[in-house]
Structures are given as structure tokens and as C-alpha cells.
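Student: So that we are looking at the same thing, I have put the structure below in C-alpha cells.
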Amino acid sequence: MKITALGVAFVLLAGPVAVLADDLDDALEALKQAQPSKDAAKIKELAASAHAVAQKYEGPAPADADKESYAARARYAKDVDHYSEYALFTAASQGGGNAADLIGTLEKQNPKSEYLEYPRSLMIMAENARQKRQTDRAVTYANRMIAAANAKPPQGAEAEWEATKSTALGMGYFIVGSNACDHQQWSATDKNLRAALPLIKGNAGMAQPALFCLGLANYNVAKLTLSKAKMLEAAEFSKQAAAMAGPLQDQALKNSFNIKAEADKLR
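If you're matching positions, the sequence shown starts at 1047 in my numbering and goes up one per residue.
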């Protein structure tokens, strides 16, 4: 999944050169110099280095240290550490095969990082969990993704947010709805996949299984309620799934005919 970088403003605190120079500056500058290259391995290495250097100054001040100078250095170190998280996030947001590794590195570096609650990060983590067949983790990320996408966009990213929001919500509702379908939870299947459907139309890998599951969900509800209208809707969902190329095409076609025939017997 290609994900473009989110426009996030990042400002480092300024401070006296004598206090803030040396290894913190060197670690930060090396990381900033590497970012335009989009070299994921290099950015990962330098972000880890910046994080390690910053951590040296984020603890309590030594007994013989000048408290004011050490406090200023600690604040600067915190900003450098935060920037290392930002660098990992933005590198992952460029897409590519290293995205999951970069976000995983960020998660290990700081499990409470604000960037882990951004929709793009959650999409990367959810997709990685899906590929590894870690269903529960994927659903957890998907629910967090839905909540994040429905939250207020970060300042400065409003113009880009709607595209991000649509992609995240489509994927989130699809994962939750598909899991509900696997567990024959028909009401949750119908609710989530109906919400996903207009957002995943261009993605056959999601749209076909979503339509297929909607056919199953509405068929099973129709059988319980003896609703001809819902039975016909189930047939239509199955027909739409059958019209798409994919592994579910043949079964969807059979379902469509069988459900339509069953609907014709209802009043």
C-alpha cells in the first residue's frame, strides 16, 4: 500500500550553543541529512542512534551537574528523541517494503509515540498483522484506525486528511467486517462492510470479499426474518461479487442464483 508523507510541522527548541552542542547536535544533524535520501535502512540506523544519545540526557541530573544547564540539555534531548520518532514515521509513510519494519522500530523505541496513533501508522501495522494472519492484532489496529481517522486532523494536515481518512476508514471497516463474517456475526458483518463498501470500490482485493460477505450476511438475516427484500439484496450483493475477477467469483455466482431462487419462493 503506497502511503504519502503526512505534512507534520516539527520545531526543535533553541538553546545556548554551549549547552546544546556536541553529540545531540551531531546525532540530529546526521539524521536530518539522511532524510532526503529516503534510505530506510540509514534512517532507521540514525534514528536509533539519535534516540540512544537523547536517552543519556533524559534522566535525572547527576549530583555534580549544573541543574539549569542540565535541564536545558534534557529538554533539547527530548526534542531530538521526538524528532527521531518523526523521522521513522515519515520514512515509513513513503511506502515500500520497509514500512512495517520502520513502524515496528518506532513502536519498540516508544510504544506511546503519538505517531503510532496516526492512521497511516495503524494502516501499516494492520496490514502487516493481516499478512502474518494475526487476526486479533489486525482487528485491534483496525478499531484504533477507525477512531483515529474520525478524530480531528493534525494542524497543517487538513487538506490531505480527507484522502487519508477515507483510505483508513475503508480498510478499518473492511478488516472488522471480514472478521465478523469469519465468525458468522452477521449484524456486525453487515454494518461494517456496508460502511466500507463505498470507500473500497477501487480495490478488488477488498471489494469482492466484502460483497461476498454482505451476500452471506443478508441471506442469513433474511432466513431468520423471512424478508424477501433482504434475500433479494443478498442475491444482488452476490451477483456484484460474481462480476469481479477473483477467488470468490465462482462461488459468488452460485450463491447469487441459489439465493435468488430461494427469494422467489418467499411472498
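The beta carbon of each residue, even a glycine, is placed where N, CA and C say it ideally should be.
Can you find at least 3 beta carbon pairs, one from the segment 1246-1257 and one from the segment 1294-1304, that sit closer than 8 Å?
Tutor: With the cut-off at 8 Å, the segment 1246-1257 and the segment 1294-1304 touch.
Student: Which residues bound the alpha helix (DSSP H) around D1085?
Tutor: Where D1085 is concerned, there is no enclosing alpha helix (DSSP H), given that its DSSP letter is neither H nor E.
Student: Given a cut-off of 7 Å on the beta-carbon distance, is the pair K1285 and S1302 in contact?
Tutor: Yes, these two residues count as a Cβ contact at 7 Å.
Student: Taking the continuous alpha helix (DSSP H) assigned at E1282, which residues delimit it?
Tutor: Run containing E1282: 1274-1288, per the alpha helix (DSSP H) assignment.
Student: Considering only the beta carbon of each residue, do M1277 and A1268 sit closer than 7 Å?
Tutor: The answer is yes: Cβ separation under 7 Å.
Student: If I'm right that S1159 touches E1131 with Cβ under 8 Å, what's the distance once you round it to whole angstroms?
Tutor: Confirmed, about 5 Å.
Student: Return the residue from the list L1294, L1312, A1307 that minimises the CA-CA distance to L1270.
Tutor: Here the closest residue by C-alpha is L1312.
Student: Where does L1312 sit, in a helix, a strand or coil, going by DSSP?
Tutor: DSSP places L1312 in coil when its eight states are reduced to three.
Student: Here's a check: name, in chain order, each residue in its chain whose Cβ is nearer than 6 Å to the Cβ of Q1180, leaving out the five neighbours to either side.
Tutor: Same-chain partners within the cutoff: there are none.
Student: What does a CB cutoff of less than 6 Å around D1069 pick up in its chain, not counting 5 residues either side in sequence?
Tutor: For D1069, where only same-chain residues beyond five positions count, the Cβ hits under 6 Å are V1099.
Student: Give the straight-line distance between the Cα atoms of R1190 and F1258, rounded to the nearest whole angstrom.
Tutor: Whole-angstrom Cα-Cα distance: 25 Å.
Student: Would you mind giving the Cβ-Cβ distance between Y1399 and L1152, rounded to the nearest angstrom? I have them listed as a contact below 8 Å.
Tutor: In the structure as shown, the chain starts at 1047 and stops at 1313, and residue 1399 therefore has no counterpart that could be examined.
Student: Check each candidate in A1280, S1212, W1207, V1185 and name the one with the smallest Cα separation from W1232.
Tutor: For the residues A1280, S1212, W1207, V1185, the minimum Cα distance to W1232 belongs to A1280.
Student: Determine the extent of the alpha helix (DSSP H) in which Q1155 is found, giving its start and end residues.
Tutor: Q1155 -> alpha helix (DSSP H) spans 1145-1155.
Student: Among the residues of its own chain, which have a CB less than 6 Å from the CB of A1291, if the five just before and after it don't count?
Tutor: Correct list: empty, nothing qualifies.
Student: Please report the distance separating the alpha-carbon of Q1101 from that of Y1164.
Tutor: Distance between the alpha carbons of Q1101 and Y1164 is about 24 Å.
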